[in-house]
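There are 2 protein chains.
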Amino acid sequence: MKTRVRQFGALGQEDRLRIFRLLVRAGPEGKCVDEIKRRLKIPGSTLSHHLDTLERSGLLAARRSGRFIYYAIDWPETANLIRFLTEDCCAEMHKSIRPRTGATAAQNAEDS
Amino acid sequence: MKTRVRQFGALGQEDRLRIFRLLVRAGPEGKCVDEIKRRLKIPGSTLSHHLDTLERSGLLAARRSGRFIYYAIDWPETANLIRFLTEDCCAEMHKSIRPRTGATAAQNAEDS
DNA sequence: CCTACATTTCTAGTATTCTAGAAATGATTG
DNA sequence: CAATCATTTCTAGAATACTAGAAATGTAGG
Chain A
0 MKTRVRQFGA
10 LGQEDRLRIF
20 RLLVRAGPEG
30 KCVDEIKRRL
40 KIPGSTLSHH
50 LDTLERSGLL
60 AARRSGRFIY
70 YAIDWPETAN
80 LIRFLTEDCC
90 AEMHKSIRPR
100 TGATAAQNAE
110 DS
Chain B
0 MKTRVRQFGA
10 LGQEDRLRIF
20 RLLVRAGPEG
30 KCVDEIKRRL
40 KIPGSTLSHH
50 LDTLERSGLL
60 AARRSGRFIY
70 YAIDWPETAN
80 LIRFLTEDCC
90 AEMHKSIRPR
100 TGATAAQNAE
110 DS
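The listed protein sequences derive, respectively, from chains A and B. Using numbering that gives the first Met the number 0, the first residue of the first sequence is number 0, and each one after it goes up by one. Using numbering that gives the first Met the number 0, the first residue of the second sequence is number 0, and each one after it goes up by one.
This is the structure:
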């Protein structure tokens with residue numbers, strides 16, 4: 000769950016969410032730091048910290064190519080985050096609309 | 000997008016994510032503050048702040064019943080958050096696995 | 001109305017995060 | 001190997017968030 004906290008936290012900041020969305024649209028090649036900087040008008044050092052936060056959360060992956068470092072969405076990990084939200088929440092959401100008797104997807108232990 | 004930042008931020012804190020998950024499992028009736036407090040062992044004033052943060056983000060709704068205040072997941076708003084993530088990200092995710100030529104769901108303006 | 005109890009606000013100390021200029025690092029190209 | 005350019009680290013100030021005890025507020029039932 001700590002990973003999820005870090006990932007939600009990473010997206011819970013305006014510039015970082017803008018970065019994330021830009022990179023989603025950039026596709027698997029991602030974008031280099033300099034282009035993100037020019038596009039979103041974020042000072043270099045600030046941007047570097049935000050990219051670091053996003054990368055350490057697992058949502059971004061960095062890759063060097065020539066003198067540029069490209070950041071791109073880490074899709075497997077992003078998919079995990081979406082699954083965390085949908086399986087823990089949507090299953091219950093649907094259950095509350097059309098109640099069922101059987102087991103649900105929200106039996107992941109953790110908490111009491 | 001500011002709403003999404005606030006919502007991700009609300010989930011980006013360990014105790015608040017625990018509260019959220021507890022309430023997901025609690026279903027539409029939710030749980031009163033005192034039970035959340037006993038279950039998660041969070042001091043009253045701290046819990047009150049966290050519930051306020053979650054409510055102001057739109058992810059929780061409060062309802063009074065007798066002397067208790069019940070907090071429950073706001074499912075429409077939670078669904079919006081999930082949709083934000085899946086429509087902005089999953090569409091691109093699938094595109095990057097099987098590329099398409101047509102328009103995608105990720106044309107919501109915002110950013111450059 | 002007064003007591004009991006649930007919940008929130010007040011208060012304040014501590015910790016974390018955000019920000020960005022300047023300096024340092026790392027890599028490529030001529 | 002020198003020059004250049006991309007990126008990160010250093011540094012430090014400002015802002016925001018977290019925490020929780022104590023006091024205040026609100027509600028219900030006797």
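Even glycine gets a Cβ: it sits at the ideal position worked out from N, Cα and C. Small disclaimer: the values here were computed from a predicted structure and weren't measured.
>> Here's the rule I'm using: 16 or more other beta-carbon atoms within 10 Å means buried, otherwise exposed. How should Thr2(A) be labelled?
In response: Here residue 2(A) refers to the residue found at position 3 of the first sequence. Per the 10 Å Cβ criterion, exposed.
> Quick one: what's got a C-beta closer than 6 Å to Leu80(B)'s C-beta in the same chain, skipping five residues either side?
Replying inline: Indexing the second sequence from 1 puts residue 80(B) at position 81. Closer than 6 Å at Cβ, skipping near neighbours: Gln6.
>> Using CA atoms only, rank isn't needed, just tell me which of Trp74(A), Phe83(A), Ile35(A) and Asp87(A) is closest to Cys88(B).
In response: Within the second sequence, numbered from 1, the residue matching residue 88(B) stands at position 89. Among Trp74(A), Phe83(A), Ile35(A) and Asp87(A), the Cα nearest to that of Cys88(B) belongs to Trp74(A).
> Just the Cα atoms here: how many angstroms apart are Arg17(A) and His48(B)?
Replying inline: As a working note, residue 17(A) is residue 18 in the first sequence. As a working note, residue 48(B) is residue 49 in the second sequence. So the alpha carbons of these two residues sit roughly 27 Å apart.
>> Can you pull the chain A neighbours of Ile81(B), defined as C-beta to C-beta under 8 Å?
In response: Taking the first residue of the second sequence as position 1, residue 81(B) is located at position 82. Those within 8 Å of Ile81(B) in chain A are Ile81, Leu84, Thr85, Cys88 and Cys89.
>> Closer than 7 Å between beta carbons: that is the criterion. Which residues of the stretch 3-16 of chain A meet it against chain B?
In response: Arg3, Val4, Phe7, Gly8, Leu10, Gly11, Gln12, Glu13 and Leu16
> Given Ala9(B), which residues of its chain have a CB within under 7 Å of its CB, disregarding the five upstream and five downstream residues?
Replying inline: Locating residue 9(B) in the second sequence gives position 10, where the first residue counts as 1. These residues qualify, in order along the chain: Arg15, Thr52, Leu53, Ser56 and Leu58.
> Within the 9 Å Cβ cut-off, does Lys1(A) reach chain B?
Replying inline: Within the first sequence, the letter at position 2 stands for residue 1(A). For Lys1(A), the answer is yes, since a Cβ of chain B falls inside 9 Å of its Cβ.
>> Here's a check: name, in chain order, each residue in its chain whose Cβ is nearer than 7 Å to the Cβ of Gln12(A), leaving out the five neighbours to either side.
In response: Taking the first residue of the first sequence as position 1, residue 12(A) is located at position 13. No residues qualify anywhere along the chain.
> In the structure shown, what three-state DSSP assignment does Lys40(A) receive?
Replying inline: Numbered from its first residue, the first sequence carries residue 40(A) at position 41. In this structure, Lys40(A) counts as coil in the three-state DSSP scheme.
> At what residue ranges does the stretch 20-90 of chain A contain a whole run of the beta strand (DSSP E), taking only runs of 3 or more?
Replying inline: 59-64 and 67-72
> If you drop the 5 nearest sequence neighbours on each side, which residues of the same chain put their C-beta closer than 7 Å to that of Cys31(A)?
Replying inline: Here residue 31(A) refers to the residue found at position 32 when the first sequence is read from its first residue. The residues are Phe67, Ile68 and Tyr69.
>> Does any residue of chain B have a CB that is nearer than 9 Å to the CB of Val23(A)?
In response: As a first step, residue 23(A) is located in the first sequence; it is residue number 24 there, counting from the start. Closer than 9 Å to some Cβ of chain B, the Cβ of Val23(A) qualifies, so yes.
>> Less than 7 Å between C-beta atoms, sequence neighbours within five positions excluded: which residues of the same chain meet that for Thr77(A)?
In response: On the first sequence, position 78 is the one that residue 77(A) refers to. Correct list, in chain order: Leu58.
>> Which same chain residues end up closer than 8 Å to Glu28(A) when comparing Cβ atoms and leaving out the 5 residues on each side of it in sequence?
In response: To locate residue 28(A), count along the first sequence from 1; it is residue 29. Within the same chain, Glu28(A) has close Cβ partners Tyr69 and Ala71.
> What's the gap between the Cα of Gly34(B) and the Cα of Gly65(B)?
Replying inline: Taking the second sequence and counting its residues from 1, the one referred to as residue 34(B) is at position 35. Taking the second sequence and counting its residues from 1, the one referred to as residue 65(B) is at position 66. Here residue 34(B) turns out to be Glu, not Gly, going by the sequence shown. Whole-angstrom Cα-Cα distance: 15 Å.
> Name the chain B residues that come within less than 7 Å of Arg55(A), Cβ to Cβ?
Replying inline: Here residue 55(A) refers to the residue found at position 56 of the first sequence. In chain order: nothing, as chain B lies at least about 13 Å away.
> Does the separation of the CB atoms of Leu39(B) and Leu46(B) fall below 9 Å?
Replying inline: Start at 1 with the first residue of the second sequence, and residue 39(B) comes out as number 40. Start at 1 with the first residue of the second sequence, and residue 46(B) comes out as number 47. Going by C-beta atoms, Leu39(B) is nearer than 9 Å to Leu46(B).
>> In this structure, how does DSSP classify Gln12(B) when only helix, strand and coil are distinguished?
In response: Here the question's residue 12(B) lines up with position 13 in the second sequence. Three-state DSSP puts Gln12(B) in coil, outside helix and strand.
>> For chain A, check one thing: does any of its Cβ atoms lie closer than 9 Å to the Cβ of Ile41(B)?
In response: On the second sequence, residue 41(B) is found 42 positions in, with the first residue counted as 1. Answer no: the Cβ-Cβ gap between Ile41(B) and chain A never drops below 9 Å.
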